[in-house]
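Below: one structure, written as structure tokens.
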Amino acid sequence: MRKNEHRPTYTGVTLAAVLLSILPLAGCSSAGDSPSYPIPDNICGISTDSTILEQLLDDGIELVQDENHFPLRGDYICHMYVDGNDSVVSDAVWQESGYTLRDHFEYSGRKGIHYFGGGKYASWKSGVATVIPCYGVNDMGDFVVMTVEDIRWNEDSRALLKKLGPPYFDAYKKKLGCPS
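Following the working numbering, the numbering of the sequence shown begins with 8 at its first residue and continues without gaps.
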């Protein structure tokens, strides 16, 4: 090229392309937005704190709660799907008499388990658990292991689940009709 020859610049074209790619993102929800579905005050019929649950559930348009019972064992699982993706999951699995919370984690390989409430509850980065004595309610066992997990967990999940778990577990115990 000669010294004074004009070189085509693509600055205007590049700028326009960048703007066109950013503008559609302006309408997308961010992590701080609230979900556009109604927040329930229960997890598949078991009452819970809706303000905590709202912080655990993912942003999205549609929430579906899918409750499954496994009659041969009496086990229970509840998936809370947001826009078709697992967000919060709760389950209950019956165990034989004498089963403890430490037994539950003995072979799990789960890291960072913190026991709280005098050892009655345990939490990890994405979940919370307890073992509830519940004699005479299920033929498959006298203890039920309850967990709640935040599938797409973040740094706030553990603290939120530690608040949500104990009252939720108590509500589940009452629904089962476990002796006090």
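Each residue gets a CB set at the ideal place from its N, CA and C atoms; glycine is no exception.
query	result
Residue from R159, T58 and K127 whose Cα sits closest to the Cα of D93	R159
DSSP state of E162 mapped onto helix, strand, coil	coil
Bounding residues of the beta strand (DSSP E) (the contiguous stretch that carries L63)	Note, L63: premise wrong, no beta strand (DSSP E); alpha helix (DSSP H) at S57 to L63.
Same chain, Cβ closer than 8 angstroms to G143, five either side skipped, listed in chain order	D149 and P186
Local conformation of P174 per DSSP, three classes	helix
Opening and closing residue of the beta strand (DSSP E) in which D93 lies	N92 to Q102
Integer-rounded CB distance, given that I139 should sit under 8 angstroms from F176	6 angstroms
First and last residue of the uninterrupted alpha helix (DSSP H) at D195	Here the chain has residues from 8 to 187 only, and residue 195 is not among them.
Secondary structure of Y83, DSSP reduced to three states	strand
Sheet register partners of M153 (DSSP bridge)	A99 and T137
Host beta strand (DSSP E) of Y128 (start-end)	Y128 to W131
Within 9 angstroms, strictly: CB atoms of V135 and V96	no
Limits of the beta strand (DSSP E) - the one that D73 falls within	L70 to F77
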